[in-house]
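In our numbering, the protein residues as written are 157 to 470.
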């Protein structure tokens, strides 16, 4: 059995692997934390009537949906190639990133609508702003720890789905702190008998909408690049070209270098020019060597090299 066959057999027995299990564990923790925080914030909104806390509850609710999608995506993306998906399942992560960004945009519209309604029409004043301070503080602390973990795992496993989820929670940290500051200002003003600062509630909600809209746009753009087979980043292409040049004069040259990415999987193919006197065995050895170096340099890379003798037609 060849090394490639052995690797395929191992992948079939354990399609998730260490990286896959690590990604699933991180996504599962995100689902649990978002479930708790969404419930907590909804109860707080019912008690306080605060539109900024409602915006945070909607934000966390969509974070929960996104976390479930991320969990499903990282689980599916780890399955090996099959008859229906011959290039693997990596794009499930990219698709999840686009969908998660779109969900955040839905939250932006809902938050904006609620905030403008509160600004333009009369609503009861915010009740128990001190409770809002406590809840937002807890939310910020929890999401700081969970988002850090997600960022760490996403970098280690190159997961666009987990990175999208991490950015969701990081924006939740920022917006929770903003709502906390607003609730604290309203609470302090109430102690002084001043109610004019209640307008901070819808204004902060609008600020929340702007911040999360920017994060949503960024992650959608990156995920979309994967779906439309945009080439690898310029620095990674430069690394590939540098590695190939390092092997001159073992190879005469190369052309038709193409790259793309699907989730954490990279795809590289190129035409390699070798001397016409090169034996098939030597050319095969060179290709194996280059493939191993590329895979070592760029994790989870699938490499396809087409060998051409010097002077053949391109």
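Ideal placement from N, C-alpha and C gives every residue a C-beta, glycine not left out. It should be emphasised that the depicted structure is a prediction, and the values quoted were computed from it without experimental measurement.
Is the Cβ-Cβ distance between residue i and residue j less than 8 Å?
i, j, result
"residue 295", "residue 332", "yes"
"residue 424", "residue 371", "no"
"residue 293", "residue 336", "yes"
"residue 412", "residue 426", "yes"
"residue 406", "residue 328", "no"
"residue 410", "residue 429", "yes"
"residue 402", "residue 431", "no"
"residue 358", "residue 263", "no"
Just verifying my parser: in three-state terms, what is the DSSP assignment at residue i?
i, result
"residue 331", "helix"
"residue 457", "strand"
"residue 311", "helix"
"residue 192", "helix"
"residue 349", "coil"
"residue 200", "helix"
"residue 389", "coil"
"residue 282", "coil"
"residue 434", "coil"
"residue 227", "helix"
"residue 324", "helix"
"residue 206", "coil"
Within its chain, find whatever has a CB closer than 7 Å to the CB of residue i; leave out the 5 residues flanking it on each side and keep chain order.
i, result
"residue 356", "338, 341, 342"
"residue 254", "376, 379, 380, 383"
"residue 200", "209, 287, 288, 291"
"residue 367", "327, 330, 331"
"residue 453", "395, 399"
"residue 165", "Low confidence applies here, because residue 165 scores a pLDDT of 41, under 50, leaving its location unreliable and the question unanswered by this model."
Can you check which of these residues, the options, is closest to residue i by C-alpha distance?
i, options, result
"residue 433", "456, 424, 408, 448", "408"
"residue 182", "225, 218, 197", "225"
"residue 269", "430, 365, 465", "365"
"residue 360", "452, 275, 461, 219", "275"
"residue 207", "277, 186, 257, 259", "277"
"residue 303", "228, 450, 195, 187", "187"
"residue 260", "215, 297, 298, 450", "215"
"residue 197", "299, 211, 466", "211"
"residue 301", "439, 185, 373, 349", "185"
What does a CB cutoff of less than 8 Å around residue i pick up in its chain, not counting 5 residues either side in sequence?
i, result
"residue 178", "309, 312, 313"
"residue 203", "283, 284, 287"
"residue 258", "372, 376"
Can you name the residues that DSSP bridges to residue i?
i, result
"residue 429", "409, 464"
Counting only the same chain and skipping the five closest in sequence on each side, list residues whose C-beta sits under 6 Å from that of residue i.
i, result
"residue 307", "322"
"residue 324", "219, 222"
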